[in-house]
Amino acid sequence: MAYDFSPFDTKARETREWLAREYQGLRTGRANPALLDGVSVSAYGSVTPLRQLGSITVEDARTLRVAPWDASLVKEVEKAVTNADLGVGISSDATGVRVSFPELTSERRTEFVRLAKQKLEEARTAVKQAREDVWEDIQNQEKAGEMTEDDRYYFKDELQKKVDAIHGELESLFMAKEAEILEK
16 MAYDFSPFDT
26 KARETREWLA
36 REYQGLRTGR
46 ANPALLDGVS
56 VSAYGSVTPL
66 RQLGSITVED
76 ARTLRVAPWD
86 ASLVKEVEKA
96 VTNADLGVGI
106 SSDATGVRVS
116 FPELTSERRT
126 EFVRLAKQKL
136 EEARTAVKQA
146 REDVWEDIQN
156 QEKAGEMTED
166 DRYYFKDELQ
176 KKVDAIHGEL
186 ESLFMAKEAE
196 ILEK
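My numbering numbers the first residue of the sequence shown as 16 and each following residue consecutively.
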């Protein structure tokens, strides 16, 4: 008999992707357009994600340039980035907004590492919940007579191997982000 681990695999992949997206938005002192993903601008009578209103380019290691396709939106873009409270410097001219990232202090770096660790724990919790759901299903199938006790133990071991693998991937994402944050 074979057990279908695809729901667990899907949940593990989604969790890994979620953590990677969260880490992209975590500031490291280096300019990264993903840091502006959460910024929305009030334009044309609705709230629109910044990415849909213009281009975001990296000018240098600490500066992003936001160039709205409609120059009349420069003030709205500037206001939206200011209201996002990202801890960045903002200046604008007729064609766009310049977002400057200040040097991170050691306290801020420590705070960002702590936040990254917190995101890692959230991801681990999601994996744990997915593992519990699969384990419960395996036990229910054994009780219903759909699998033997030996199968249950075999699938439990297979499940643990999958959990260990995803935990390793999540940990490597964290280690890479931690190194990036602490890099001066």
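Beta carbons: idealized from backbone N, C-alpha and C, even for Gly.
- By the CB criterion at 8 Å, residue 194 and residue 34 fall outside the cutoff.
- Sequence-distant partners of residue 99 (beyond 5 residues in either direction) whose C-beta falls short of 6 Å from its own C-beta, in its chain, are 54.
- Taking 8 Å as the upper bound for CB-CB distance, residue 88 and residue 58 are in contact here, some 5 Å apart.
- Here the alpha carbon of residue 37 sits roughly 42 Å from the alpha carbon of residue 160.
- Taking the Cα of residue 116 as reference, the smallest distance to any Cα among 97, 68, 66, 176 is reached at 97.
- Residue ranges of uninterrupted beta strand (DSSP E) with 3 or more members, entirely inside the segment 66-113 and ordered along the chain, are 69-75, 78-83, 104-107.
- Comparing alpha carbon positions, the residue from 70, 145, 166, 62 closest to residue 91 is 62.
- In the three-state DSSP reduction, residue 64 falls in the strand class (E or B).
- Contact annotation: residue 176 and residue 131 have beta-carbon atoms that are not nearer than 8 Å.
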